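Chains as they are written, first to last, in full-length UniProt numbering: chain A, 1 to 343; chain B, 1 to 343.
The beta-carbon is built from N, C-alpha and C at its ideal position, and this holds for glycine as well.
This one's a predicted model, so the numbers in the text were calculated from it and none came from an experiment.
And the structure:
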């Protein structure tokens with residue numbers, strides 16, 4: 001069943017997953033299309049963004065945002081078209097960036113909704129390079145990582161939308177950039193298309209040795225988005241006064257309990273102490289204000305126009321394909337920024 | 001054998017310890033008193049400072065400073081008296097702060113030596129509240145921790161020279177201050193003499209519950225100097241945008257291998273991410289420049305004169321008692337700042 005003009009499909013959280021989500025985690029329901037009241041508008045979803053943070057929203061554990069309720073529509077950013085509007089500043093035919101979630105239609109009062117205009121060039125880019133992932137890469141790297149020319153920057157998930165952007169910005173800033181990705185195909189893309197100096201396959205048995213060889217002058221900035229084996233390979237290579245912006249720990253998101261020992265806490269804290277490392281977690285829209293966003297939007301648009309930043313999208317067709325696609329993303333089977341073409 | 005006018009006793013590293021230092025780790029040797037050449041002076045040690053970092057210098061592991069060589073004199077800050085001087089700016093009878101190490105006499109060219117004058121009021125304080133531990137507390141808390149009035153600050157080793165100072169400065173800054181210390185006697189001192197709002201005994205079975213109860217509004221600043229159980233009790237209580245200056249991980253210094261699991265890495269990194277925590281390691285004289293030191297020296301002298309900061313010293317008699325005293329310090333059997341009265 002594809003998008004319809006009369007029925008609203010919505011993907012709701014059926015139960016909280018233990019480990020990786022499975023067929024029982026999400027459920028597609030249908031409902032009537034809601035009607036916008038005074039001051040409201042009706043949005044039709046065009047693209048839905050899939051992102052690793054969605055796994056966190058499925059859990060009841062304390063986090064930076066409320067979990068999705070059981071039976072509630074899954075959280076998600078979308079690019080939507082305005083179907084009908086009683087809402088000032090939004091007209092029929094406008095494209096918008098909205099937190100409508102995993103559904104065909106939503107009513108909005110315009111709060112927190114960004115108008116992208118009638119015919120944006122690349123509407124889905126608002127979900128990626130010009131949206132949350134691109135902004136995460138930009139602000140985390142430049143405002144926390146503070147890379148200096150000649151320094152070595154390491155980033156994992158290097159073919160993903162955040163990692164790819166981190167590395168390309170670091171190259172623009174004159175750094176040596178080493179990516180980490182899963183498999184030779186992704187690694188080749190990271191070096192050949194994105195222009196990183198090197199990319200190490202984290203599936204290699206001698207991953208830590210390869211990473212050390214690729215960072216002969218140590219590591220000054222590690223942009224942390226995966227945790228696990230990559231983090232533990234990075235720690236012995238950190239230079240004095242290294243910086244570590246933390247925007248995710250994706251390799252740990254589907255843990256059902258803590259990993260077996262030994263406890264790496266002493267290594268982590270000992271390295272932070274001895275090497276005088278700054279480790280700082282951030283949640284992009286909590287941690288940075290509108291002035292940083294404006295700076296990002298302007299600089300990134302310029303880099304894209306000049307061809308200095310490349311952007312790769314993987315487009316999945318149809319809302320019904322979204323649950324399986326999210327799982328692919330959570331186990332690293334995506335290639336570039338994953339978006340669902342809903343309608 | 002006490003300090004002599006003709007023989008130089010020195011404590012050298014006999015072998016690198018595994019775990020806690022033992023009777024074979026250090027050795028007392030005697031040698032001739034060295035003779036100062038042109039531009040040099042002879043220093044006679046009056047007080048030797050004992051500090052947890054000394055355990056690190058006994059190990060060959062990569063750290064922020066070179067390890068002590070086997071057969072080399074143990075590193076340490078001392079307050080010494082100038083016995084003879086060919087060195088500009090230093091006269092016979094001056095007291096100085098110097099890195100002479102664990103010995104009765106040393107020759108110095110004056111580099112890195114601070115002149116305390118002929119008759120300083122409390123010469124040993126230059127090793128504590130007015131020296132490295134006081135400065136560590138001041139700069140780490142104020143420059144990294146950035147406590148704001150009404151926030152909750154937690155510090156471990158709260159009766160030690162760093163922790164006691166951290167807490168008293170945090171009280172001056174209008175914070176709720178919760179200490180952690182070992183045993184009821186230390187905890188009573190921390191509350192009754194130092195004026196902390198609460199102090200939790202880390203030896204208590206329900207330590208984590210007691211800590212949570214003492215921090216009803218969560219924790220905004222955790223001054224990290226011990227790692228281990230205290231750190232893991234703090235993590236679930238951290239507030240959004242909490243700050244964690246890291247100046248030590250003393251409870252882990254005598255590990256002979258990593259602790260058994262589970263691996264707490266996911267908890268540490270996940271908390272840093274979700275709560276947007278800043279964790280920053282620092283080594284006081286590497287991380288902060290002379291302008292911060294001047295600010296510290298002036299403010300701390302004022303607070304001491306006004307009686308707003310209390311300072312507790314434990315004085316051990318004789319250089320020969322220093323090795324056992326260091327072990328006491330490493331297992332928390334000290335009370336306040338430990339100094340050895342050498343001569």
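Legend entry - residue 63 of chain A: contacting residues in chain B (beta-carbon distance under 7 Å): For the purposes of this step, residue 63 of chain A is taken as residue 63 along the first chain, with counting starting at 1. Within 7 Å Cβ-Cβ: 274.
Legend entry - residue 301 of chain B to residue 138 of chain B span [Cα, whole Å]: As a working mapping, residue 301 of chain B is identified with position 301 in the second chain. As a working mapping, residue 138 of chain B is identified with position 138 in the second chain. Cα-Cα distance, rounded: 12 Å.
Inset, instruction - Please classify residue 193 of chain B: does DSSP put it in a helix, a strand, or coil? - result: In the second chain, the residue the question calls residue 193 of chain B occupies position 193. In the structure shown, residue 193 of chain B sits in coil (DSSP, three-state: anything other than H, G, I, E or B).
Inset, instruction - Could you have a look at residue 199 of chain A and say whether DSSP puts it in helix, strand or coil? - result: Reading the first chain from its first residue, position 199 is the one you call residue 199 of chain A. Note: residue 199 of chain A maps to strand in three-state DSSP.
Inset, instruction - Starting from residue 382 of chain B, follow its DSSP beta bridges and name the residues at the other end. - result: One cannot answer for residue 382 of chain B here, as it falls past the ends of chain B, which runs 1 to 343.
Legend entry - Sequence-distant residues of the same chain with beta carbon closer than 6 Å to residue 316 of chain B, five excluded per side: By one-based count along the second chain, residue 316 of chain B stands at place 316. 325 and 340.
Inset, instruction - List the residues that DSSP assigns as beta-bridge partners of residue 178 of chain B. - result: Within the second chain, the letter at position 178 stands for residue 178 of chain B. Beta-bridge pairing links residue 178 of chain B to B/154 and B/198.
Legend entry - Three-state secondary structure assigned by DSSP to residue 240 of chain B: Residue mapping note: residue 240 of chain B aligns to position 240 of the second chain, counting from 1. Strand, per DSSP.
Inset, instruction - State the DSSP-derived secondary structure class of residue 278 of chain A, mapped to helix, strand or coil. - result: Here residue 278 of chain A refers to the residue found at position 278 of the first chain. Reduced to three states, the DSSP call for residue 278 of chain A is strand.
Legend entry - Beta bridge counterpart(s) of residue 223 of chain B as assigned by DSSP: By one-based count along the second chain, residue 223 of chain B stands at place 223. Answer by DSSP bridge pairing, in chain order: B/155.
Inset, instruction - Indicate whether at least one CB of chain A lies closer than 8 Å to the CB of residue 58 of chain B. - result: The sequence position of residue 58 of chain B within the second chain is 58, counting from 1. So no, residue 58 of chain B is outside the interface.
Inset, instruction - Within 10 angstroms of the Cβ of residue 256 of chain A, are there 16 or more other Cβ atoms? Answer buried if so, exposed if not. - result: The sequence position of residue 256 of chain A within the first chain is 256, counting from 1. It counts as exposed.
Inset, instruction - Leaving out five residues on either side along the sequence, give the residues of the same chain with a beta carbon under 6 Å from the beta carbon of residue 211 of chain A. - result: Translated into positions along the first chain, residue 211 of chain A becomes position 211. Cβ neighbours of residue 211 of chain A beyond the five flanking positions: 200 and 233.
Legend entry - Interface flag, residue 149 of chain A vs chain B, CB-CB below 8 Å: As a position in the first chain, residue 149 of chain A is number 149, starting the count at 1. Residue 149 of chain A does not count as touching chain B.
Inset, instruction - Spell out whether any CB of chain A is found under 8 Å from the CB atom of residue 249 of chain B. - result: Here residue 249 of chain B refers to the residue found at position 249 of the second chain. Judged by the 8 Å Cβ criterion, residue 249 of chain B is in contact with chain A.
Legend entry - Cβ contact (3+ pairs, closer than 8 Å) linking the stretch 246-261 of chain A and the stretch 241-251 of chain B: no
Legend entry - Neighbourhood of residue 57 of chain A by C-beta distance below 6 Å, restricted to the same chain and skipping five residues each side: What you label residue 57 of chain A is simply residue 57 of the first chain in a count that begins at 1. Once the five neighbours on either side are set aside, the close Cβ partners of residue 57 of chain A are 67, 68 and 75.
Legend entry - Identity of the residue in A/72, A/102, A/47 and A/143 nearest residue 295 of chain A by Cα: By one-based count along the first chain, residue 295 of chain A stands at place 295. Here the closest residue by C-alpha is A/143.
Legend entry - Nonlocal neighbours in the same chain, by C-beta distance under 6 Å from residue 283 of chain B, ignoring five residues either side: Within the second chain, residue 283 of chain B is the residue found at index 283, counting from 1. So the list reads 64, once near-sequence residues are dropped.
Inset, instruction - Measuring only between beta-carbons, confirm whether residue 185 of chain B sits less than 8 Å from chain A. - result: By 1-based counting over the second chain, the position of residue 185 of chain B is 185. It does not; no Cβ of chain A falls within 8 Å.
Legend entry - Amino acids of chain A, ordered along the chain, whose beta-carbon sits closer than 8 Å to that of residue 258 of chain B: Position 258 of the second chain, counted from the start, is the residue given in the question as residue 258 of chain B. Those are 261, 262, 263, 264, 266 and 267, listed as they occur along chain A.
Legend entry - Candidates A/275, A/124, A/165 and A/342: closest to residue 136 of chain A by CA position: Start at 1 with the first residue of the first chain, and residue 136 of chain A comes out as number 136. The shortest Cα separation from residue 136 of chain A among A/275, A/124, A/165 and A/342 belongs to A/165.
Inset, instruction - Show which residues of chain A have a CB atom less than 7 Å away from the CB atom of residue 255 of chain B. - result: As a working note, residue 255 of chain B is residue 255 in the second chain. Going along chain A in sequence order, the residues near residue 255 of chain B (Cβ under 7 Å) are 266.
Inset, instruction - Classify residue 115 of chain A as helix, strand or coil using the three-state DSSP reduction. - result: Residue 115 of chain A sits at position 115 when you count from the first residue of the first chain. Strand.
Legend entry - Selected residue, minimal CA-CA separation from residue 151 of chain B, among B/303, B/169, B/108 and B/158: Position 151 of the second chain, counting from 1, holds the residue named residue 151 of chain B. Among B/303, B/169, B/108 and B/158, the Cα nearest to that of residue 151 of chain B is on B/169.
Inset, instruction - Just the C-alpha distance for residue 124 of chain B and residue 323 of chain B, rounded to the nearest angstrom, thanks. - result: Here the question's residue 124 of chain B lines up with position 124 in the second chain. Here the question's residue 323 of chain B lines up with position 323 in the second chain. Going by the C-alpha atoms only, they are around 19 Å apart.
Inset, instruction - For residue 74 of chain B, verify whether its CB is less than 7 Å away from any heavy atom of the ligand NAD. - result: In terms of ligand content, the structure shown is empty, and the ligand NAD therefore cannot be addressed.
Inset, instruction - Anything in chain B within Cβ reach of residue 125 of chain A, meaning under 7 Å, just list it in chain order. - result: Residue numbering aside, residue 125 of chain A sits at position 125 when the first chain is read from its first letter. What residue 125 of chain A touches in chain B: nothing, since even the nearest Cβ is about 26 Å away.
Inset, instruction - Just the chain A side, please: which residues come within less than 9 Å of residue 280 of chain B by C-beta, in chain order? - result: Walking along the second chain from the start, residue 280 of chain B turns up at place 280. Near residue 280 of chain B (Cβ distances below 9 Å), the residues of chain A are 272, 276, 277, 278, 279 and 280.
Inset, instruction - Can you tell me which of B/265, B/98 and B/103 puts its alpha carbon nearest to the alpha carbon of residue 32 of chain B? - result: The residue labelled residue 32 of chain B in the question sits at position 32 within the second chain. Of B/265, B/98 and B/103, the residue nearest in Cα terms is B/103.
Inset, instruction - Go through its chain and collect everything with a Cβ distance to residue 196 of chain A's Cβ below 6 Å, but skip five positions before and after it. - result: Mapped onto the first chain, residue 196 of chain A falls at position 196. So the list reads 167, 177, 179 and 190, once near-sequence residues are dropped.
Inset, instruction - Compare the C-beta of residue 331 of chain B with all C-beta atoms of chain A and state if any pair is closer than 8 Å. - result: Taking the first residue of the second chain as 1, we reach residue 331 of chain B at position 331. Chain A, which has no Cβ nearer than 8 Å to the Cβ of residue 331 of chain B, makes this no.
Legend entry - Where residue 273 of chain A falls: helix, strand or coil (DSSP): Locating residue 273 of chain A in the first chain gives position 273, counting from the first residue. If DSSP states are grouped into helix, strand and coil, residue 273 of chain A belongs with the helices.
Inset, instruction - Identify the contact partners of residue 206 of chain A in chain B, using a Cβ-Cβ distance below 7 Å as the criterion. - result: Taking the first residue of the first chain as 1, we reach residue 206 of chain A at position 206. Per Cβ cutoff of 7 Å: no residues; residue 206 of chain A is ~21 Å from chain B at best.
Inset, instruction - Could you tell me whether any Cβ in chain B is nearer than 8 Å to the Cβ of residue 233 of chain A? - result: Numbered from 1 along the first chain, position 233 holds the residue referred to as residue 233 of chain A. No, residue 233 of chain A does not count as interfacial toward chain B.
Legend entry - Every unbroken beta strand (DSSP E) inside the stretch 127-151 of chain B [3 residues or more]: none
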